[in-house]
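Peer 1: Pasting a structure below so you can have a look.
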Amino acid sequence: MADFLLSRLVSALVVILGVAILVFLLIHLVPGDPVDVMLGESARATDREALRIALGLNLPVSEQLLVYFSNLAQLDLGHSLYSNLPVSQVLAERIPATLELAGAALLCAVLIATPLGIMAAVRRGEAWDWGAMGFSMLGVSIPNFWLGPMLILLFSLWLGWTPVSGRDSLAGLILPAITLGSAFAAILARMIRSSLLEVLGEDYVRTARAKGLSERGVVLRHAMRNAWLPVITLLGLQLGALLGGAVVTEIVFDWPGVGSLMIDSIQKRDFPVVQGCVLFISLVYVLVNTLTDIVYGLVDPRIRLSGSR
Amino acid sequence: MRLWFSVSILLIWLIMVILNPLLTQSANLIDLEQILAPPGSDSLLGFDDLGRPILERLIAGARTSFLIAFGVVVISALLGTTLGLIAGYKGGYWDLFLVRVIDIFLAFPGILLAIALAGVMGPGLDNLVIALSAVGWVGYARLTRAQTLSLKHRDHVQAAVALGSSSRIIMFRHLLPLIAAPLIVEATFGIAGMVIAEAGLSFLGLGIQPPEASWGSMIRDGAGYMLIAPHMVLAPGLAIMLVVLTLNLLGDLLRDKLDIRLTEQKKL
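If you read the protein sequences in the order shown, they are chains A and B. First residue of the first sequence? That's 1 in my numbering, and the numbers climb one at a time after it. First residue of the second sequence? That's 310 in my numbering, and the numbers climb one at a time after it.
Structure representation (structure tokens):
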């Protein structure tokens, strides 16, 4: 068990180090002189020099990397070029909104996908199945930057049920959560369906039926419990797409989260903040994935054993 | 039925791409009299906020999304497959290194890395293709590596080794053809993903720059006029949805026909 935990944590650490290096390199991908790009052509020479020193760009790359890592270890992500506030502080202000949105989208997806997936599996080959799977196909094919505006048009502008944008009320969370969660719900419904179908053929399900349980009891109490297991690992992996999609969704709904901060900062050429946003979102993703892995290993000993090979 | 639907939508997409040279002028032609005019006799799909015809811009956008999606998938598949083959077949340090690199790239969720790269490198066609390929190659590398690992101990490969074939011949003649089927399925879904990614980046203002037309930037332009001119958002959105839906259906169909269980392979 300790081996398993250790191997998972070590590989997560290696990935995090790699991610940090890639994020560090981002600023070196700026075409030409990053300082010119950030300040514009008309900046004074003294300002340029000051920024170059502030960003450490006057040092050789290897030294820059050392400084970057020692700063990172102290949670120092540099300063915003725009507001001069520490990036960690700017980021911290935006994190709750993103987590709220991601959490709501996740909840939304599970609430939509579970009945759809179960229905499709139980009524396999019937109209319910076709309907649920057609819905799921549509869900993965509609981009969220189009679904968002369409939902706003329908529910906010025409029907007037929800606010157009912003994070002032609970009602304002509904449309962004649906927009972000829809693709995820679609994938989840398919996964639940196939996982449940596999389980429904097992002996213990036949036993449960034979002893006279209602179909409802068989599916919900016996089959579904085991069907969840493979779904959970994929949940962790799919969370990444959810976090990536949050960037677009936040822009559509003017949601004050990390994603819209990132796009704003790209437009303002405020690269330290951009780096902070990328680093934060990726870190959350890696941590969630590692956690999913570990939980799965705890639940299912087979994974634990093959993992610590 | 599914096949015919998929093929006919793809054909329409292709025809739109081919039609382009005839229309390049009119897609950016501004008619001030027609600003935000709804669909009607002057243009089948109406006009946008600058008085440009939506239908022509839709066709120009079809070309953008087609060229970028196919271009990126070809580049990333070539790169990913080659790296995956080498790592899977040679093993050792090559393999260890590639697996680490794949893990690191996979740690950037969704199109986040593409957004960051396109944002830092600046907008434009070249940078868009580079940013999307940097994200795209990983899937092919992982798939090819996993397949190669499971195939390289097959008898025919061992026989080729015994006959003294070079590694290159074994990889590209004896292993690659066996991996082709899952790669084709992956690429079909990949094109769908890239159509959405290109439109997404252009929607964020990080992709195709005005006045060039992209379905994504058309949605962005239209979002501000939804109440008075919903056709500006409806047309490009439906176009993206149809194309992506078609490619996803086709991918499913190919997977069934070629009998591939991708979920199993991805666990390797």
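Backbone N, C-alpha and C fix where the C-beta goes; we use that ideal spot for every residue, glycine too. Source: prediction; values computed, not measured.
1. What's the gap between the Cα of Leu237 of chain A and the Cα of Asn289 of chain A?
2. Just verifying my parser: in three-state terms, what is the DSSP assignment at His28 of chain A?
3. Going by DSSP, which residues form a beta bridge with Met79 of chain A?
4. Examine chain A for any beta-carbon lying closer than 8 Å to the beta-carbon of Phe417 of chain B, and answer yes or no.
5. Would you kindly report the start and end of the unbroken alpha helix (DSSP H) that includes Lys211 of chain A?
6. Between Leu559 of chain B and the rest of its own chain, which residues show a CB-CB distance below 7 Å, the 5 nearest in sequence each way excluded?
7. Establish whether the CB of Ile321 of chain B and some CB of chain A are separated by less than 8 Å.
8. Assuming Ala189 of chain A contacts Ala120 of chain A (C-beta within less than 8 Å), just tell me the rounded distance between them.
9. Evaluate contact between the segment 133–149 of chain A and the segment 216–225 of chain A, counting only Cβ atoms and requiring at least three cross-stretch pairs below 8 Å.
10. So which residues on chain B does Phe4 of chain A lean against when the C-beta distance must stay under 8 Å?
11. Assess, as a yes-or-no matter, whether the segment 249–256 of chain A is touched by the segment 191–204 of chain A under the definition of 3 or more beta carbon pairs within less than 8 Å.
12. Give a yes or no on whether the minimum CB-CB distance between Ile263 of chain A and chain B is below 8 Å.
13. Using a C-beta cutoff of 8 Å, does Met535 of chain B count as contacting chain A?
14. Given that a residue counts as buried once 16 or more other Cβ atoms are within 10 Å of its Cβ, and exposed if not, what is Gly172 of chain A?
15. In three-state DSSP terms, what is Pro362 of chain B?
16. The segment 138–162 of chain A: which residues have C-beta closer than 9 Å to a C-beta of chain B, in chain order?
17. Spatial neighbours of Tyr68 of chain A within its chain, please: C-beta separation below 6 Å, excluding the five flanking residues on both sides.
18. DSSP has Phe356 of chain B in a bridge; who is on the other side?
19. DSSP on Pro149 of chain A, reduced to helix/strand/coil?
20. Counting only beta-carbon separations shorter than 8 Å, does Arg309 of chain A have a partner in chain B?
21. Looking at Leu91 of chain A: is its Cβ nearer than 8 Å to the Cβ of Phe280 of chain A?
22. Answer with buried or exposed for Asn58 of chain A, where buried requires no fewer than 16 other C-beta atoms within 10 angstroms of its C-beta.
23. Just the Cα atoms here: how many angstroms apart are Ser317 of chain B and Asp412 of chain B?
24. Which value, in whole angstroms, describes the spacing of the CA atoms of Ile493 of chain B and Leu65 of chain A?
Peer 2: Straight from the coordinates:
1. 7 Å
2. helix
3. Residue identity check: residue 79 of chain A is His in the sequence provided, not Met. DSSP lists A:Pro86 as the bridge partner or partners of His79 of chain A.
4. yes
5. That residue, Lys211 of chain A, is in no alpha helix (DSSP H); it is neither H nor E in DSSP.
6. When the five nearest sequence neighbours on each side are left out, the beta carbons in the same chain lying within less than 7 Å of the beta carbon of Leu559 of chain B are those of Ser315, Thr497, in order along the chain.
7. no
8. 7 Å
9. No: fewer than three Cβ pairs fall under 8 Å.
10. Ordered by position in chain B, no residue passes the 8 Å Cβ test against Phe4 of chain A, which lies about 17 Å from the chain.
11. Touching, no.
12. yes
13. Yes, Met535 of chain B counts as interfacial toward chain A.
14. buried
15. Secondary structure at Pro362 of chain B: strand, using DSSP grouped into helix, strand and coil.
16. Leu138, Val140, Ser141, Ile142, Pro143, Asn144, Phe145, Trp146, Leu147, Gly148, Pro149, Met150, Ile152, Leu153, Leu157, Trp158
17. Phe24
18. B:Pro362
19. It is helical.
20. No answer about Arg309 of chain A holds up, because its pLDDT of 38 lies below 50 and its placement is not dependable.
21. With contacts defined as CB atoms closer than 8 Å, Leu91 of chain A and Phe280 of chain A qualify as a contacting pair.
22. exposed
23. 38 Å
24. C-alpha of Ile493 of chain B to C-alpha of Leu65 of chain A: approximately 40 Å in a straight line.
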